[in-house]
Amino acid sequence: MFTLARETGWPEAFVVWELPLPRALQYYHCALRSSLAWTIAPGEPAMEQLRRLESLASMMDVDEEDEA
Amino acid sequence: MKKDTRSTQLEAAFAEASTTIGNITLRPFSLGTLNLCRQLNLTLFLNGETDLNDQEKQRQLVAFAWIQAAPMPEVLKAIRTGNAADKVAEFEFSLGIDTIPMLLKEVSRVSQLASAAAVEVVPKPGSKADEDAPPNS
Numbered sequence: 001m002f003t004l005a006r007e008t009g010w011p012e013a014f015v016v017w018e019l020p021l022p023r024a025l026q027y028y029h030c031a032l033r034s035s036l037a038w039t040i041a042p043g044e045p046a047m048e049q050l051r052r053l054e055s056l057a058s059m060m061d062v063d064e065e066d067e068a
Numbered sequence: 001m002k003k004d005t006r007s008t009q010l011e012a013a014f015a016e017a018s019t020t021i022g023n024i025t026l027r028p029f030s031l032g033t034l035n036l037c038r039q040l041n042l043t044l045f046l047n048g049e050t051d052l053n054d055q056e057k058q059r060q061l062v063a064f065a066w067i068q069a070a071p072m073p074e075v076l077k078a079i080r081t082g083n084a085a086d087k088v089a090e091f092e093f094s095l096g097i098d099t100i101p102m103l104l105k106e107v108s109r110v111s112q113l114a115s116a117a118a119v120e121v122v123p124k125p126g127s128k129a130d131e132d133a134p135p136n137s
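Residue numbers (our numbering), protein chains in the order written: chain A, 1 to 68; chain B, 1 to 137.
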């Protein structure tokens, strides 16, 4: 709630009582992404995404070593 | 191009508004709704606990309908004063006989929209979980 209020300036009463939860979650996701957090959908597919991200990150590490 | 189910649900969330079920009008399911569900221990809406007997299931559904349909000041006051159970019992008499199954359907619909929008934050490789946390004073 605090994150949404801070990012949007919307009043607390609107965020808490009027904003439908599915929309609040989407705005929260946007706030997370704009703060450069890595996000994934929860559940089994998320673990696959995580593995893909980790393997991508490890490939980037190799590139950095090559440049050095 | 056909859209995937998740995208469709994410977009559908922007058409959310009050919903009329039988003779009652429900406010949108919001963060405040979740908070009130916790205060009234409505586990059906918190962790999807379905292993409840029929009486408890009905109690939770009616309480949920009351939270979402009764005037907000009345709901907050009743919860604050520990009077919610009486108000829910009163409210139950105003419900039509076919309202409970329709409520279940509505809860399931909103739950799918919320699930589609839920995300988890994953740590970046090499970062520590408390790296950005402020130091203890």
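C-beta atoms are modelled at their ideal positions from N, C-alpha and C, and glycine is treated no differently.
query                                                                                                            : result
Nearest candidate by alpha-carbon position, reference A:L21, set B:V62, B:P73, B:E16                             : B:E16
Residue from B:K77, B:L40, B:L103 with nearest C-alpha to B:T19                                                  : B:L103
Contacting residues, own chain, Cβ-Cβ under 8 Å from B:I79 (five flanking each side not counted)                 : L36, Q39, L40
Cβ shell of B:N23 (< 6 Å), same chain only, five flanking positions each side left out                           : G96
Residue closest to B:L147, alpha-carbon to alpha-carbon, out of B:P73, B:L113, B:A117, B:T33                     : The structure shown does not extend to residue 147 of chain B, since chain B is modelled only from 1 through 137, so no value can be given for it.
Short CB-CB distance (under 9 Å) between A:E7 and chain B                                                        : no
Buried or exposed (CB count within 10 angstroms, at least 16 for buried), A:A13                                  : exposed
Selection of the stretch 11 to 24 of chain A by Cβ proximity to chain B, strictly under 8 Å                      : V15, V16, W17, E18, L19, P20, L21, P22, R23, A24
Residue span of the beta strand (DSSP E) that contains B:L26, given as start and end                             : 24 to 26
The alpha helix (DSSP H) enclosing B:E16, as first and last residue numbers                                      : From DSSP, B:E16 is part of no alpha helix (DSSP H); its letter is neither H nor E.
Where the alpha helix (DSSP H) containing B:V110 begins and where it ends                                        : 99 to 117
Beta-carbon proximity check, A:M1 vs B:L76, cutoff 9 Å                                                           : no
Length of the line joining the Cα atoms of B:V121 and B:S127                                                     : 13 Å
Proximity below 9 Å, CB of B:F29 to CB of B:V110                                                                 : yes
Host beta strand (DSSP E) of B:E120 (start-end)                                                                  : 120 to 122
Min CB distance A:T39 to chain B below 9 Å                                                                       : yes
N-terminal and C-terminal residue of the beta strand (DSSP E) that A:T39 is part of                              : 38 to 40
Environment of B:Q55 [buried if 16+ CB atoms lie within 10 Å]                                                    : exposed
Residues of the stretch 117 to 128 of chain B whose Cβ lies closer than 7 Å to any Cβ of chain A, in chain order : A117, A118, V119, E120, V121, V122, K124, P125
Residue(s) in a DSSP beta bridge with A:P20                                                                      : B:S30
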